[in-house]
Amino acid sequence: MTPPLLELTAAQLLRGHAAQLPDETAYIFDGQRYTWQQTEQLAEQAAMELLALDVKKNTHVALWSVNSITLVVYLLAAMKLGAVPIVINYSYRAYELCGVLQRSDAELLLLGEPKKNADYRQLAQTVQPDCPRLRQIVQLHLPSAQPLSEAQSDTLAQLEAAVTCQDTACITFTSGTTKLPKPVMLSYYNLINNARQFTARMHVERSRGDVLMAPLPLFHSSGMTGMLFHSLVTGIPTVLQRMFRAEQALRDIEAYRVSVLMAVPSMLELLADDPNRAQYDLSSLRVGQSSGASITPEKLLRIVQNLGFRHFLMGYGQTECSPLVTTTLYEDDLVTATATVGLPLPHVELRIQDPSSGAVCAADQTGEIQVRGFNTMQGYYRADRENAEKYTADGWLKTTDLGWLDKTGRLHFAARSSEIIIRHGENISPAEIEAVAGQFSRDILAVKAVGVPEPVVQEEIACVVQTNGASIDPDALRAYIKSVLASYKAPKYVVFVKEFPMTATGKIDQAAVKQLAADYAAAQKRKQEEPT
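For what it's worth, my numbering labels the leading residue of the sequence shown as 408, then goes sequentially.
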C-alpha cells in the first residue's frame with residue numbers, strides 16, 4: 408500500500424510522539440537514552456532560549472557542531488519557532504564558514520561540540536566582521552528537561568501553530584562544480600514525505616522493535632532526512648554518533664540491537680572490513696540503505712555477507728530532491744540492488760531527456776535524469792537565475808546527472824555530468840580547491856582538481872597544476888590547501904604539467920585530465936609497492 412503524503416511539521420511529529428510514546432526511547436547518545444517526552448521538553452526549553460535571542464519565524468540560524476543530542480534538540484527548537492536552520496559542516500575552516508554564513512544570511516551562529524582540535528569560537532569571531540547579517544555568536548549547552556510554565560507553553564503553542572508544512576524547514580548546502588556550494592531550501596513537506604516514503608519501502612516499523620543508526624552528518628540532506636526526519640516519521644529509537652568511527656559503530660550495533668542502518672558505501676565498506684568486526688554480535692541488522700556513490704556487486708555482496716543484512720536497498724538522489732529519488736525494493740535480490748538504483752519513490756515521477764534535442768528518451772537510452780514530485784526543492788536561496796535554469800519549462804527538475812530507464816522503469820545511473828569529487832560520501836567542489844590552490848603562488852598558471860578512483864573512499868583528490876616553469880613544492884601546496892580548507896579537501900596527489908590537454912573547442916579536456924591524474928596515481932602506488 409502506497410503511503411499518502413502528509414501535511415505536517417517537525418514540531419507536530421515531535422509533539423505527537425511525546426503525547427503517544429512519552430516513555431519510549433527517541434535518541435541514544437553517549438550511552439544515555441532520551442525519551443520522546445524528554446526530547447520534547449528539551450526542545451521546548453531550547454526554543455524559549457532562542458526566543459529570548461529574538462529568533463522568530465524565518466530567522467536564519469546557523470548551527471556548527473558534530474552530531475550530538477544538543478544539536479538535535481536545538482534543530483528541533485528552531486523548527487518549533489519556524490526559524491530556518493543551517494547546519495554547517497563540522498570540518499570547515501574560516502574560509503568556508505564565512506562563505507556559508509554570507510550566502511545563507513545567517514543572523515545567529517550557535518556553536519555546539521567542535522570537531523577535535525577545532526576552535527569554533529575563534530574561527531567564528533575571525534569571520535564575523537565579514538558577515539554583516541551575523542549579529543550574535545552563542546555557545547550551546549543542553550538545557551534541562553523541564554516542563555514549561557503555562558504562559559510559556561501557550562506562547563510556544565501559538566508560534567508552532569503558525570508554522571506550516573510548506574515553510575522552509577532548513578537550508579542545506581550542496582557542492583557545485585564551477586560555482587560555490589549552493590544553499591538549497593527544503594520544506595517540511597519535502598523532508599517528511601521523503602522520509603515517509605523510503606522508510607515504508609524499507610519496511611521500517613516501530614512495531615517490529617526497529618532501532619536506527621544513521622551515522623550521517625546533519626549538515627548533509629542524507630543526515631537531515633535519513634536520520635533526524637527518519638526518527639520523527641517512524642518514532643523508532645535512533646542511535647546518534649558524533650562522527651562515523653567503524654569500531655564505535657560496530658559496538659553500538661551490538662549494544663543497542665540496531666536493526667536499520669543507513670550509510671554511504673565507504674562507511675559500509677569500513678564496517679565490513681574492520682579487523683575487529685567478528686568480535687561483535689551484528690545479528691540484529693535487518694535492513695540497510697545506501698546511496699551517494701556507486702558500488703560493485705562484488706563489494707555489496709561482501710558487505711551484506713560480512714554484516715549479515717537480510718535486506719539491502721540502493722538508491723539515487725541529490726540534495727535538491729530531499730534527497731532520495733529512487734530506491735531498489737525490499738524484496739530485490741543483490742543482483743538487482745547493484746545493477747540498478749531502483750524505482751522512483753511513490754508520488755515521484757522520473758524521465759530521461761536527450762540533452763541535445765530535448766526529447767524524452769526511450770527505454771535504455773541515456774540522457775539527463777529529470778524529476779518531478781513532492782521531493783523537489785523550494786529552490787536555491789537568493790538565486791532566481793539558477794532556479795530558473797534548474798527547471799524545465801514544464802516543471803521538471805534537471806539533475807544534470809546522466810542515466811537511463813530500463814523497460815521495467817528502473818533507473819540506471821550512468822555518470823554525474825558535473826565534475827563533483829565524491830570522497831568518503833562527501834561531495835567536494837573542485838572549483839573551491841582550484842581557487843585556493845591558485846592563491847598559493849604567482850607561479851601557478853592554472854589548476855584542475857579531479858577525482859581518481861580509490862578503494863573504500865571512492866575517489867582521492869588530485870590537483871593537476873600548470874606553472875610558468877618555476878618549481879613548486881607539492882607538500883607545501885598540499886599543506887596550504889589543508890590550512891585553508893577542511894582537511895578532507897586536501898589533494899593526495901599533485902601532478903605538474905607544462906600545459907593542459909585541450910578539446911577542439913579550446914576548453915580543458917576534463918576526461919583527459921582525469922586519465923592523466925589516474926595514471927599518475929597508479930604509478931605512485933606501484934612505486935610504493937616496489938621492494939626497497
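Beta carbons are placed, not taken as given, at the ideal position from N, Cα and C, and that holds for glycine. Note that the structure is predicted; figures quoted are calculated from it, not measured.
Chain C contact for D761 (CB, 9 Å cutoff): Note that chain C does not occur in the displayed structure, where there is just one protein chain.
Terminal residues of the alpha helix (DSSP H) in which N601 lies: Here residue 601 corresponds to residue number 194 of the sequence shown, with the count starting at 1. N601 -> alpha helix (DSSP H) spans Y595 to R608.
Alpha-carbon to alpha-carbon, L639 and L420: Position 13 of the sequence shown holds residue 420. Position 232 of the sequence shown holds residue 639. C-alpha separation (whole angstroms): 6 Å.
Minimum C-alpha distance to H831 - residue among T745, M650, L668 and V920: Position 424 of the sequence shown, counting from 1, holds the residue named residue 831. Of the candidates T745, M650, L668 and V920, the one whose C-alpha sits nearest the C-alpha of H831 is M650.
9 Å Cβ cutoff met for L670 and T641: Position 263 of the sequence shown, counted from the start, is the residue given in the question as residue 670. Position 234 of the sequence shown, counted from the start, is the residue given in the question as residue 641. Per the sequence presented here, residue 670 reads as Ala, with Leu not at that position. In this structure, T641 does not lie closer than 9 Å to A670 by Cβ.
Collapsed DSSP secondary structure at P751 in the structure displayed: Taking the first residue of the sequence shown as 1, we reach residue 751 at position 344. P751: strand per DSSP, three-state reduction.
For R870, the residue or residues it bridges with in DSSP: Position 463 of the sequence shown, counted from the start, is the residue given in the question as residue 870. Checking the sequence, you will find Cys at residue 870 rather than Arg. Note: C870 sits in a beta bridge opposite A856 and V901.
Collapsed DSSP secondary structure at L420 in the structure displayed: The residue labelled residue 420 in the question sits at position 13 within the sequence shown. If DSSP states are grouped into helix, strand and coil, L420 belongs with the helices.
Assumed close pair V611, V534 - CB separation to whole angstroms, cut-off 8 Å: In the sequence shown, the residue the question calls residue 611 occupies position 204. In the sequence shown, the residue the question calls residue 534 occupies position 127. Rounded, the Cβ-Cβ distance is 40 Å, inconsistent with contact.
Buried/exposed call for A911, threshold 16 Cβ in 10 Å: Translated into the one-based positions of the sequence shown, residue 911 becomes position 504. Bear in mind that a pLDDT of 49 at A911, under 50, signals an unreliable position, so the number given afterwards is only what the model happens to contain. It counts as exposed.
7 Å Cβ shell around Y527 - same chain, five flanking residues per side excluded: Residue 527 sits at position 120 when you count from the first residue of the sequence shown. The answer, listed in chain order, is W471, L518 and P521.
Simplified DSSP state of W471, which is helix, strand or coil: The residue given as residue 471 occupies position 64 in the sequence shown. Reduced to three states, the DSSP call for W471 is strand.
Run of the alpha helix (DSSP H) containing G845, from where it starts to where it stops: Position 438 of the sequence shown, counted from the first residue, corresponds to residue 845. Where G845 is concerned, the enclosing alpha helix (DSSP H) stretches over P837 to G845.
Where H548 falls, given that 16 or more other Cβ within 10 Å makes a residue buried: Your numbering for residue 548 matches position 141 in the sequence shown. The residue in question, H548, is exposed, as its Cβ has fewer than 16 Cβ neighbours within 10 Å.
Classification of R693 by the beta-carbon crowding that lies within 10 angstroms, buried from 16 upward: By 1-based counting over the sequence shown, the position of residue 693 is 286. R693 should be labelled buried.
Cβ contact check for the segment 861 to 872 and the segment 885 to 900: 3 or more pairs under 8 Å: yes
N- and C-terminal bounds of the alpha helix (DSSP H) containing T641: Within the sequence shown, residue 641 is the residue found at index 234, counting from 1. Counting along the chain, the alpha helix (DSSP H) containing T641 begins and ends at H637 to T641.
First through last residue of the beta strand (DSSP E) which encompasses K463: Taking the sequence shown and counting its residues from 1, one reaches residue 463 at position 56. No beta strand (DSSP E) contains K463, which DSSP labels as neither H nor E.
Separation of T773 from S763, as counted between CA atoms: In the sequence shown, the residue the question calls residue 763 occupies position 356. In the sequence shown, the residue the question calls residue 773 occupies position 366. Rounded to whole angstroms, S763 to T773 spans 12 Å at the Cα level.
Inter-residue CB distance, V778 and L804 (contact presumed, cutoff 8 Å): For the purposes of this step, residue 778 is taken as residue 371 along the sequence shown, with counting starting at 1. For the purposes of this step, residue 804 is taken as residue 397 along the sequence shown, with counting starting at 1. The pair is a contact, with the Cβ atoms about 5 Å apart (cut-off 8 Å).
Buried or exposed (CB count within 10 angstroms, at least 16 for buried), R500: Walking along the sequence shown from the start, residue 500 turns up at place 93. Per the 10 Å Cβ criterion, buried.
Exposure label - M408; buried when at least 16 CB within 10 Å: Here residue 408 refers to the residue found at position 1 of the sequence shown. Classification of M408: exposed, given that the 10 Å Cβ count is below 16.
Straight-line gap, T581 to L482 (C-alpha atoms, nearest Å): Sequence index remark: in the sequence shown, residue 581 carries index 174 (1-based). Sequence index remark: in the sequence shown, residue 482 carries index 75 (1-based). Approximately 19 Å between the Cα atoms of the pair.
Exposure of M909, with buried meaning 16 or more beta-carbon neighbours within 10 Å: Mapped onto the sequence shown, residue 909 falls at position 502. Label assigned to M909: exposed.
Assigned exposure category for Q427 - 16 Cβ within 10 Å defines buried: Counted from its first residue, the sequence shown places residue 427 at position 20. Under this definition Q427 is an exposed residue.
Bridge partner(s) assigned by DSSP for S697: For the purposes of this step, residue 697 is identified with residue 290 of the sequence shown, where counting begins at 1. Bridge partners of S697: M721.
Whole-angstrom distance between A531 and L541, CA atom to CA atom: Residue 541 sits at position 134 when you count from the first residue of the sequence shown. Residue 531 sits at position 124 when you count from the first residue of the sequence shown. Going from the Cα of L541 to the Cα of A531 covers about 10 Å.
Own chain, CB closer than 6 Å to H424, minus 5 neighbours either side, in chain order: Here residue 424 corresponds to residue number 17 of the sequence shown, with the count starting at 1. Hits under 6 Å: W443 and G642.
Pair within 9 Å by beta-carbon distance, L689 and G715: Counting from 1 along the sequence shown, the entry for residue 689 is found at position 282. Counting from 1 along the sequence shown, the entry for residue 715 is found at position 308. Taking 9 Å as the Cβ cut-off, L689 and G715 qualify as a contacting pair.
Helix, strand or coil at N794 according to DSSP, with G and I counted as helix: Counting from one through the sequence shown, the residue named residue 794 turns up at place 387. N794: helix per DSSP, three-state reduction.
Cutoff 7 Å; reference Y788; Cβ partners in own chain excluding five residues on either side: Here residue 788 refers to the residue found at position 381 when the sequence shown is read from its first residue. Counting only Cβ-Cβ distances below 7 Å, and skipping sequence neighbours, we find S511, I578, P590 and M592.
Inter-stretch contact at 8 Å, needing at least 3 Cβ pairs: the segment 782 to 798 / the segment 810 to 822: no
Spatially closest choice to E661 from L677, E676, P753 and R684, by CA coordinates: In the sequence shown, the residue the question calls residue 661 occupies position 254. Nearest of L677, E676, P753 and R684 to E661, Cα basis: R684.
Touch test, the segment 426 to 440 against the segment 453 to 468, Cβ-Cβ under 8 Å, three pairs minimum: no
Nearest-angstrom Cβ-Cβ length linking T807 and E775, presumed shorter than 8 Å: Here the question's residue 807 lines up with position 400 in the sequence shown. Here the question's residue 775 lines up with position 368 in the sequence shown. Confirmed, Cβ separation roughly 7 Å.
Local Cβ density within 10 Å of V494, reported as buried at 16 or more and exposed below that: Residue mapping note: residue 494 aligns to position 87 of the sequence shown, counting from 1. Classification of V494: buried, given that the 10 Å Cβ count is 16 or more.
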